[in-house]
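For the sequence shown, the working numbering gives the first residue as 39, with consecutive numbering after it. All residues carry an ideal CB built from backbone N, CA and C; glycine is no exception. On a predicted model such as this, the values are computed, not experimentally measured, just so you know. Comments concern the structure below.
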Amino acid sequence: MSSPSHSDRDWSPFVGVIYGVSEMGSTEFRYVGLTTKKIARRKSEHFKVAEAGRKTPFADWLRKLPDREAAYFQSLELVMSDSLEDLGAAEVRWIARLRSQGHRLLNLNEGGLGNHGYEWTQEQRDAAAARMRGVKRAGYPHGPDHPRWGSTHSDELKAHWSETRKGMNSGAANPNFGKFGADHPSFGRETSAETRALLSAQKRGPLNPNYGKSASAETRAKRSAAMKGIPRPTSVRSAHTRHHTNKGVFKDTCRHCIDDMQVKNSGENES
Numbered sequence: 039m040s041s042p043s044h045s046d047r048d049w050s051p052f053v054g055v056i057y058g059v060s061e062m063g064s065t066e067f068r069y070v071g072l073t074t075k076k077i078a079r080r081k082s083e084h085f086k087v088a089e090a091g092r093k094t095p096f097a098d099w100l101r102k103l104p105d106r107e108a109a110y111f112q113s114l115e116l117v118m119s120d121s122l123e124d125l126g127a128a129e130v131r132w133i134a135r136l137r138s139q140g141h142r143l144l145n146l147n148e149g150g151l152g153n154h155g156y157e158w159t160q161e162q163r164d165a166a167a168a169r170m171r172g173v174k175r176a177g178y179p180h181g182p183d184h185p186r187w188g189s190t191h192s193d194e195l196k197a198h199w200s201e202t203r204k205g206m207n208s209g210a211a212n213p214n215f216g217k218f219g220a221d222h223p224s225f226g227r228e229t230s231a232e233t234r235a236l237l238s239a240q241k242r243g244p245l246n247p248n249y250g251k252s253a254s255a256e257t258r259a260k261r262s263a264a265m266k267g268i269p270r271p272t273s274v275r276s277a278h279t280r281h282h283t284n285k286g287v288f289k290d291t292c293r294h295c296i297d298d299m300q301v302k303n304s305g306e307n308e309s
């Protein structure tokens, strides 16, 4: 009896591959990744984003190679499982193992699925903003020339994305989880007057999706029942904004008033 062909074989437990990247002729790995695709396709994708100018250590390394053949992509482990979590766990193990052996991996994080928690420095954020501000990608269609201009995603696809991405950036998985005040990346930022005016114009009058609409008696009754017994404001910060900031009141017993005053004074001193 002949053995089953590649197309007839049952690959159902197979979930993906952990691959390593080294320079041709070198035994040192410089990157570890995971994929559910063919490694050759993943290699092509890596070079595509590198040639497009992505600013990461691995992309920089790929651009310095003489050609694509100088990068050797090889399989490290076939992950036989029905769970993507096992694939992510395998990547974490390989990155930890190779780094402990002295390989200078260019991975920005420790591997795994979802948001890896890598945080850009302020310098990286400023540089990215400067590169993208007012720049349209060369050779990339915009407006009516774009193939998806005017089209929308189906409800089934949006529901699928919602389910598969649920929890990726919520709670402790969010890199800014538990950060408040000066520890938060957005602390001290202010929206310019021009931006506020633009946002206001975009939502004013008939442009507002709720323009001319009013809640039904049933909806108002449901809201009233749902909110009954919940104190307002719901937080100290909300109470500070409502009763102090919005009314121009300063209370020396309010920590948010003190924080706002310190930020204001530091800004005046710098100017």
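Item	Value
As an exercise, report each continuous alpha helix (DSSP H) stretch of at least 4 residues that is fully enclosed by the region 163–192, in chain order.	none
Thinking L114 and I56 are a contact (beta carbons under 8 angstroms), I'd like their distance in whole angstroms, please.	5 angstroms
Counting Cβ pairs, one atom from each stretch, are 3 or more of them under 8 angstroms apart for the region 124–143 and the region 76–92?	no
Assess, as a yes-or-no matter, whether the region 130–143 is touched by the region 60–72 under the definition of 3 or more beta carbon pairs within less than 8 angstroms.	yes
Give the DSSP bridge partners of M118, in chain order.	F52
Of all the options F218, K93 and K289, which has the alpha carbon lying nearest to the alpha carbon of L146?	K93
Determine the burial state of I133: buried for a count of at least 16 other Cβ atoms within 10 Å of its Cβ, exposed for fewer.	buried
Within the same chain, show all residues whose beta-carbon is closer than 8 angstroms to that of F215, passing over the 5 residues directly before and after it, in chain order.	G209
Between S119 and chain B, is any beta-carbon pair separated by less than 8 angstroms?	Of the chains in the structure shown, none is chain B; there is only one protein chain.
Rounded to whole angstroms, what is the Cα-Cα separation between Q240 and V274?	31 angstroms
If you follow the alpha helix (DSSP H) that F218 is in, where does it begin and where does it stop?	Taken as a continuous stretch (DSSP letters only), F218 belongs to no alpha helix (DSSP H), as it is neither H nor E.
By Cβ distance, which residues of its chain are closer than 6 angstroms to D48, with the 5 residues on each side in sequence left out?	Residue placement at D48 cannot be trusted, given a pLDDT of 45 that sits under 50; the coordinates are not used to answer.
Assuming T72 is part of the beta strand (DSSP E), what are its boundary residues?	Before going on, a small fix: residue 72 reads as Leu here, not Thr. Segment F67 to T73, the beta strand (DSSP E) holding L72.
Helix, strand or coil for E228? Go by DSSP, reduced to three states.	coil
Return the CA-CA distance between L116 and R137, expressed in angstroms with no decimal places.	20 angstroms
Measuring straight from C-alpha to C-alpha, what distance separates H198 and S192?	10 angstroms
Per DSSP, what are the beta-bridge partners of E61 in this structure?	A109
According to DSSP, is F96 part of a helix, a strand, or is it coil?	helix
How is E123 classed by DSSP in three states: helix, strand or coil?	helix
Report the option in F111, R169 and R258 whose CA atom is closest to the CA atom of K76.	F111
Expressed to the nearest angstrom, what Euclidean distance is found between the alpha-carbon atoms of S41 and G188?	Confidence at S41 is low in this model, with a pLDDT of 42, below 50, so its placement is unreliable and no value can be given for it.
Assuming the contact rule is C-beta atoms closer than 8 angstroms, R101 and A88 should be a hit. Round their C-beta distance to whole Å, please.	5 angstroms
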